[in-house]
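Each residue of the sequence shown is one higher than the last, beginning at 4 in this note's numbering.
Beta carbons: idealized from backbone N, C-alpha and C, even for Gly.
Predicted, not measured: the structure shown is a model, and the values here were computed from it.
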Amino acid sequence: MSKIKRLERLLLSINSKKHFTLKELADEFGVSTRTIQRDLLNLIEMGLPIVSEFGPHGGYRIENDRILPPIGFTEMEASSILFSLQTFTETSFPFQTQSRSIVNKLHQFMPEDAKDNWAQIQKRLFVQLPMPTKNQIAPIILEASIKQKIVTILYTMNEQKLYSNIQLIGLFSENGEWYCPAYCYSLMDYHIFKLSDIKHAVINYEPIEVKDFTDVTIQNWASQISPRNYVRLEAEISQEGLNYCESHPFLRQFIRTKENGLYRLSGDILATYVDRAAEYLWTLKTNISIQSPKEIKEIHARWARDISLQYELILNM
């Protein structure tokens, strides 16, 4: 048996034991105790926390956590682990130290091109709980976002089925649904596509000139694009409102500081995204004063009237 093979089997063997001796391992592998001792020293040099114990019942054991045998991951498997651990490397997570250790180990052994691919995934994917149900289109959309390729889609809009070429900014989830902001070459403007409205998608490898989305990511797209059809958001927010906006994946892009130290929201919002923006801002209640757009103020006024009417009906029952 080769030394490498023996070390692999030795690691598997001692990993399953709480305590072991040189003689036990020598008998198991049919080699001398001196050979086993050298093999253990090799494993210790590789980072395996093996400690020796003296006395009549002495021997060896693995300190604290036992070590799993070597596991091979594909580049995308490693990227999925890194993505899943992003929120768990924070100090509030009980396994924060272990999570950071996993991330550091994966980064250490990933090839440079795999690291570049991982950097693109971070720029193109944002996930919030609850997770959406499985969608057959999502992997295609994510791949096209990472590679910045044009996608030809068949989608439903206003009960019509339409074909279009789109260039994706990325993919994000919200309230259990997948969405992808993109530039639509048919509309000649930006649009937020709901993945459940896309019936078919295929990456288009024909030579089509693409937009430069190097600095446009799934985290900042709303404040970086220049849509043709938009409304202008201008609003002042309180300190409580600032705390909410800073933690919001969409609103935090629009935070600005005034000269007097107060905070405001300022920027262009896609005209087709006004209803969703109104939902985000509604949560602020009295912690925001909206100057524009009038469309959002009208939506909020309508919601306030509906709620007031509901309470009036309940009180008069």
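Between the alpha carbons of Leu236 and Ile293 lies a gap of roughly 8 Å. Membership of Leu44 in the alpha helix (DSSP H) is indicated by the continuous run Thr36 to Glu48. By alpha-carbon distance to Ser176, the top candidate from Met134, Tyr186 and Trp306 is Met134. Residue state for Lys261 is assigned as coil, using DSSP reduced to three classes.
Apart from sequence neighbours up to five positions away, the residues of its chain that approach Ala281 with a beta-carbon distance below 6 Å are Ile299 and Ile302, ordered along the chain. With a 10 Å radius around the Cβ and a threshold of 16 neighbouring Cβ atoms, Leu198 comes out buried. Gln123 and Ala81 have their C-alpha atoms roughly 14 Å apart. With respect to the 7 Å criterion, Lys214 and Tyr186 are classified as neighbours on the basis of their beta carbons. Sequence-distant Cβ neighbours of Val234 in its own chain, meaning closer than 7 Å and more than five residues away, are Ile272, Ala274, Val277, Pro296 and Glu298.
Apart from sequence neighbours up to five positions away, the residues of its chain that approach Cys183 with a beta-carbon distance below 6 Å are Ile144, Leu171, Leu174 and Phe196, ordered along the chain. Following the DSSP letters along the chain, one finds Leu157 inside the beta strand (DSSP E) bounded by residues Ile153 to Met160. By DSSP's assignment, Asn207 forms a beta bridge with Ile153.
Rounded to the nearest whole angstrom, the CA to CA distance from Leu13 to Glu48 is 15 Å.
As computed with DSSP, His194 is found in a beta bridge with Ala185. Residue burial annotation: Phe253 is buried, with at least 16 other C-beta atoms found within 10 angstroms of its C-beta.
Between Ser104 and Thr90, the alpha-carbon positions lie close to 14 Å from each other.
Between the alpha carbons of Gly270 and Arg231 lies a gap of roughly 14 Å. Residue state for Asn168 is assigned as strand, using DSSP reduced to three classes. Assigned with DSSP and collapsed to three states, Phe175 falls in strand.
At a Cβ-Cβ threshold of 7 Å, Tyr193 and Ile228 count as neighbours. For Ile291, the uninterrupted beta strand (DSSP E) segment begins and ends at Ile291 to Ser295.
By the neighbour-count definition (other C-beta atoms within 10 Å, threshold 16), Ala238 is a buried residue.
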